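In this note's numbering, the protein residues as written are 492 to 796.
Built from N, CA and C at the ideal position, the CB exists for glycine as well.
Small disclaimer: the values here were computed from a predicted structure and weren't measured.
Following: one structure in structure tokens, then a few remarks.
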């Protein structure tokens, strides 16, 4: 009866049937539940995603098979999300392959989420993805490692000084999402890295983590020879906040590069005070570049609301 109701015209009946099958815990219902993931209604697919894991660990292998080979992306998306709930280490190799090669972007997202939920057992595989030629894959690995957080910290730290600059940069980016004071020292050290890409990643990571203790080191990077690094540093100072950053940023409003001045305006948006308002009013009226003046004008409107 419940299996038949998975195809009922009434969405409420279909959802109720999906939930009831999960509560019943009968693994024999899984093939029908997997096929029901082709349902066009999002509520039904969500009910199935949440119900299939309730069938127990015996569901993991069939779900993996569906993720690997089902032709319908709606099914692959749903079973990937169910596997995230299981967080079963056995699925890690398949999830990596799915993240790298599935033609459906949402399915790849689901695989990244499942790797993140798997936690420590997925960390070595995620680190290996940091140098993937596909920026989506490497970016997903950075996100997943950062989201795993403290359990990943011990395995990530040795890579901060890796000989490959791509790995150093990616690991540093991941550290920015880990809310632990122990990341500050290696991130500050990375501000002196010989590669501009790595220095910029370190500045962004310190800003993301709002590590106020790195403020002095970041101020020095405003004189970096690389424009992108200087821009990343200005924005990081704004993200960390604190009015003691204002005088330093105000000086960079005189930078000869308009992109640097724009980055400074964006940073000052986060630091409202009398001095900020006055400086932005001057930039809005006198800067030589129209786009810088326009950005300053928009920022002033935001600050004066």
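- Look at residue 532 here: in three-state DSSP terms it is coil, with no helix or strand label.
- Distance from the CA of residue 705 to the CA of residue 637, rounded to the nearest whole angstrom, comes to 19 angstroms.
- Sequence-distant Cβ neighbours of residue 598 in its own chain, meaning closer than 7 angstroms and more than five residues away, are 564, 567, 568, 571, 589.
- Residue 562 and residue 498 have their C-alpha atoms spaced approximately 20 angstroms apart.
- Where residue 777 is concerned, the enclosing alpha helix (DSSP H) starts and stops at 765 to 777.
- As for any alpha helix (DSSP H) of minimum length 4 sitting wholly inside the region 499 to 582, the runs are 502 to 515, 521 to 526, 533 to 542, 551 to 560, 564 to 577, ordered along the chain.
- Here the alpha carbon of residue 607 sits roughly 45 angstroms from the alpha carbon of residue 769.
- Residue 714 sits in coil when the DSSP states are folded into three classes, being neither helix nor strand.
- The three-state secondary structure of residue 753, taken from DSSP, is helix.
- Leaving aside the five residues that flank residue 688 on each side, the residues in its chain whose CB is nearer than 7 angstroms to its CB run, in chain order, 656, 660.
- Less than 7 angstroms separates the beta-carbon of residue 587 from that of residue 616.
- Of the candidates 537, 581, 756, 776, the residue whose Cα lies closest to the Cα of residue 794 is 756.
- In this chain, residue 683 is not harboured by any alpha helix (DSSP H), its DSSP state being neither H nor E.
- For the options 600, 560, 541, the alpha carbon positioned closest to that of residue 577 is the one of 541.
- Inter-residue distance for residue 585 and residue 634 is about 19 angstroms (C-alpha atoms, whole angstroms).
- By the C-beta density criterion, residue 573 is buried, having at least 16 other C-beta atoms within 10 angstroms.
- Each of 539, 556, 575, 732 was checked against the Cα of residue 605, and the nearest Cα belongs to 575.
- Given a length threshold of 4 residues, each whole run of the alpha helix (DSSP H) inside the region 622 to 672 is given here in chain order: 626 to 639, 641 to 647, 656 to 666.
- Within the same chain, and ignoring the five residues on either side of residue 640 in sequence, the residues whose Cβ sits closer than 6 angstroms to its Cβ are 669.
- Residues 567, 570, 571, 574, 585, 589 of the same chain have their beta carbon placed closer than 7 angstroms to that of residue 558, with the five preceding and five following residues left out of the count.
- Here residue 504 has 496 as same chain residues with Cβ atoms under 6 angstroms from its own Cβ, once five neighbours each way along the sequence are excluded.
- Distance check between residue 506 and each of 773, 743, 493 places 493 closest, using alpha-carbon atoms only.
- Sequence-distant Cβ neighbours of residue 694 in its own chain, meaning closer than 7 angstroms and more than five residues away, are 682, 709, 712, 720, 723, 724, 727.
- The residues 783, 786, in chain order, have a CB closer than 6 angstroms to that of residue 753 in the same chain once the five nearest residues on each side in sequence are set aside.
- Considering only 715, 762, 749, the residue with the shortest C-alpha distance to residue 738 is 762.
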